[in-house]
Amino acid sequence: LRSRLSAPPEELLEALLGPRGSARICAVPLVQPMGRRVPPLARLRELDCLVGRVASLLEQDLPGCCGFQVQERQSCLLHEIGTWDSRAAPPLTEEAVQHWLPQLLHQRPVAVLVLGPGGVEAELQCLPDEFLAGGAAGGEQGDSLQCTSFGADVLRMTLGPGELLLVRPELVSHR
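To convert a position in the sequence shown, counted from 1, into this note's numbering, add 14.
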């Protein structure tokens with residue numbers, strides 16, 4: 015599994031979990047490659063399916079209590095915490111842009127599940143109004159999104175192994 019992890023291009027770091035939270039990443043395919051037995055990825059796929067089942071169970075309640083619904087999921091993306099190494103990171107290519115752009119533009123809710131072995135510190139911060147959908151970007155009055163839970167301050171929290179953090183990236187930056 016460690017051989018599959020690689021440093022992402024620098025331009026993607028802030029869209030992921032920052033240089034420390036996304037030192038190396040690995041996409042976990044939803045389907046196992048033909049003819050290959052990859053036990054660590056199989057376990058991560060099972061975990062990804064479990065998160066999908068949780069989202070399905072909450073699907074009816076999410077629009078009313080959280081203001082969003084899950085229409086389409088992306089496969090799991092494994093992040094290794096550490097120090098991002100610019101020498102190991104590839105340049106951002108046109109192919110990478112074509113892969114990442116649709117995922118980042120749709121601003122789907124993000125589920126961060128801590129696998130361990132230890133805890134991690136997460137940083138959350140409300141985005142300024144000019145970045146919010148319907149804010150200064152020109153939405154009609156009454157349909158703007160707001161993030162008022164912790165204002166402009168950075169909220170730091172420690173997450174332990176097995177803990178799950180759900181984030182709306184169109185409202186809150188996360189690292």
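Backbone N, C-alpha and C define an ideal beta-carbon position, used for all residues, glycine too.
Just so it is clear, the structure is predicted and the values come from calculations on it, not from any experiment.
Residues Val-126, Ala-136, Leu-173 of the same chain have their beta carbon placed closer than 7 Å to that of Leu-179, with the five preceding and five following residues left out of the count.
Taking 8 Å as the cut-off, the Cβ atoms of Leu-119 and Ile-39 do not count as close. Burial check for Val-111: the Cβ neighbour count within 10 Å stays below 16, so the residue is exposed. For Ala-110, there is no enclosing beta strand (DSSP E); the residue is found in the alpha helix (DSSP H) stretching over 108-119.
Burial state of Cys-140 is buried, judged by a 10 Å Cβ sphere holding 16 or more other Cβ atoms. Assigned with DSSP and collapsed to three states, Ser-100 falls in coil, not helix or strand. With at least 16 other beta carbons inside 10 angstroms of its own, His-93 counts as buried. Restricting attention to alpha helix (DSSP H) runs no shorter than 4 residues, the segment 50-75 encloses them at 53-72, ordered along the chain.
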